[in-house]
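A.B. asks: Residue numbers (this note's numbering): 1256 to 1323. Just so you know, even glycine gets a beta-carbon here, dropped at the ideal spot from N, CA and C. If you scroll down you'll find the structure; I have some questions about it.
Right, dumping it as structure tokens:
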């Protein structure tokens, strides 16, 4: 399946990007309903070990917003 064939899943999605992560926002938004997009200046590919405070806060904020 090529990029031009992707359809939006309709699933609320959060993206947390840490230094070194490579993501194309337009592609992410084409396939997902991005409701939260956060870019951090510390951490890395293993964010859960390198910056757990940032990752936990981001996940909590995402689900808090979904609950309204």
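Mind the definition here: the stretch 1278-1287 touches the stretch 1301-1317 only if three or more C-beta pairs lie below 8 Å; say whether that holds.
C.D. replies: No: fewer than three Cβ pairs fall under 8 Å.
A.B. asks: With DSSP as the reference, please indicate the residues paired to residue 1291 in a beta bridge.
C.D. replies: Answer is 1269.
A.B. asks: Alpha carbon to alpha carbon, how far is residue 1275 from residue 1317? Give it in angstroms, no decimals.
C.D. replies: Cα to Cα, the separation comes out at about 22 Å.
A.B. asks: Alpha carbon to alpha carbon, how far is residue 1279 from residue 1292?
C.D. replies: Those two C-alpha atoms are separated by around 12 Å.
A.B. asks: Considering Cα atoms alone, identify which of 1303, 1262, 1268 is closest to residue 1320.
C.D. replies: When each option's Cα is compared against that of residue 1320, the closest is 1268.
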